[in-house]
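Working notes, beginning with the structure itself.
Numbering (my numbering), first residue to last: 1 to 292.
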């Protein structure tokens, strides 16, 4: 039988702008509409960030999350909603004193980073396991903070999606599982190509896949030009896949994606051409271990 593969669509992240691609959704209405288009195209999960509608920059405003989720749920109560908890982890050393936060720092408490999850109780919430140099800033996720976030996600009924950006992050996730902060079977997301994390290469994907717990359910993605090649490679290794404007603004070289729906449609084509079947939302719930 053909294997059912879950497609997650990362609708909008924290870094792209409408100047780079006018289709990038920014307002709650735009984000919800784009998420619904992705679901109609075959995505069983929509991964949600919110933006400040004026500046287009990343936001942690609960009212923006609430409006976005309510707009999606008003028209589709089947698609799984995955809310990011990556916001609030950025640290930029100040000058001349690096111990003081510089401009662009968003670092906050673990409780603040999951407040929207506790309020809105999504199906899934992303848990970024491990710190790294993320471009020019530091993405700070300490073990102590991760324990608090994981425990609060569980209490809110949200399945943690364990996002790993390098091999050491998988080891740290294993420690949190052994301590009982993350339930088995764990749900992993292997994130490739983020500067300066693990590169989006077949060799890296194989190495990270080899270190996942034996009972892990996992997805993987590559950013930018690696997005579609990674769909094929991740699926071939038995994983589930992610595409979306958060990770890649182009449908092909020089051709901007007209929306998230088009990126999902391309992923569907790749999966079907390689002998896979696209999972429905109800199948995704069972595969990912997400309770209704």
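Glycine included, every Cβ here is placed at the ideal spot set by N, Cα and C.
Practice task
Output the residue ranges of the alpha helix (DSSP H) runs that lie fully inside the region 161 to 201 and measure 4 residues or longer, sorted by chain position.
Solution key: 167 to 179
Problem - Nonlocal neighbours in the same chain, by C-beta distance under 8 angstroms from residue 217, ignoring five residues either side - result: Within the chain shown, numbered from 1, the residue matching residue 217 stands at position 217. For residue 217, where only same-chain residues beyond five positions count, the Cβ hits under 8 angstroms are 185, 186, 187, 188, 240, 287, 288 and 289.
Handout entry: Own chain partners of residue 147 with C-beta closer than 6 angstroms, once the 5 adjacent residues on each side are dropped
Key = Along the chain shown, one-based indexing puts residue 147 at 147. Here the set comprises 181.
Handout entry: Best match in 199, 234 and 206 for proximity to residue 224 [C-alpha to C-alpha]
Key = Counting from 1 along the chain shown, the entry for residue 224 is found at position 224. Closest by alpha carbon: 199.
Practice task
Using the Cα positions of residue 169 and residue 134, report the straight-line distance between them to the nearest angstrom.
Solution key: Within the chain shown, numbered from 1, the residue matching residue 169 stands at position 169. Within the chain shown, numbered from 1, the residue matching residue 134 stands at position 134. Those two C-alpha atoms are separated by around 14 angstroms.
Practice task
From the DSSP output, read off the bridge partner residues of residue 9.
Solution key: Counting from one through the chain shown, the residue named residue 9 turns up at place 9. BP columns for residue 9 point to 46 and 243.
Handout entry: Touching by the beta-carbon criterion (3+ pairs, under 8 angstroms), the region 1 to 14 and the region 240 to 252
Key = yes
Practice task
Could you check what DSSP says for residue 152 in three-state terms: helix, strand or coil?
Solution key: Locating residue 152 in the chain shown gives position 152, counting from the first residue. Of the three classes helix, strand and coil, the one that applies to residue 152 here is helix, per DSSP.
Handout entry: With 16 other Cβ atoms within 10 Å as the buried cut-off, status of residue 104
Key = The sequence position of residue 104 within the chain shown is 104, counting from 1. Label assigned to residue 104: exposed.
Handout entry: Rounded straight-line distance, which links the Cα of residue 110 to that of residue 57
Key = Locating residue 57 in the chain shown gives position 57, counting from the first residue. Locating residue 110 in the chain shown gives position 110, counting from the first residue. Rounded to the nearest angstrom, the two C-alpha atoms are 21 angstroms apart.
Problem - Start-end ranges of the alpha helix (DSSP H) lying completely within the region 19 to 70, minimum 4 residues - result: 28 to 41
Practice task
Note down, in chain order, each residue of its chain lying with its Cβ closer than 6 angstroms to the Cβ of residue 106, except the 5 sequence neighbours on either side.
Solution key: The residue you call residue 106 lines up with position 106 of the chain shown. The residues are 88 and 90.
Exercise for the section: Confirm, please, whether the CB-CB distance from residue 85 to residue 149 is below 9 angstroms. Expected result: Residue mapping note: residue 149 aligns to position 149 of the chain shown, counting from 1. Residue mapping note: residue 85 aligns to position 85 of the chain shown, counting from 1. In this structure, residue 85 lies closer than 9 angstroms to residue 149 by Cβ.
Exercise for the section: For the region 277 to 285 and the region 253 to 262, state whether three or more C-beta atom pairs, one from each stretch, are separated by less than 8 angstroms. Expected result: No, because fewer than three Cβ pairs between the region 277 to 285 and the region 253 to 262 fall closer than 8 angstroms, the two stretches do not touch.
Practice task
Using the Cα positions of residue 63 and residue 32, report the straight-line distance between them to the nearest angstrom.
Solution key: Against the chain shown, residue 63 aligns to sequence position 63. Against the chain shown, residue 32 aligns to sequence position 32. Approximately 14 angstroms, taken between the alpha carbons.
Exercise for the section: Report the three-state DSSP secondary structure of residue 288 (helix, strand or coil). Expected result: Mapped onto the chain shown, residue 288 falls at position 288. In the structure shown, residue 288 sits in a helix (DSSP, three-state: H, G or I).
Problem - For residue 112, the residue or residues it bridges with in DSSP - result: For this step, residue 112 is matched to residue 112 along the chain shown. For residue 112, which the question treats as bridged, DSSP gives no partner whatsoever.
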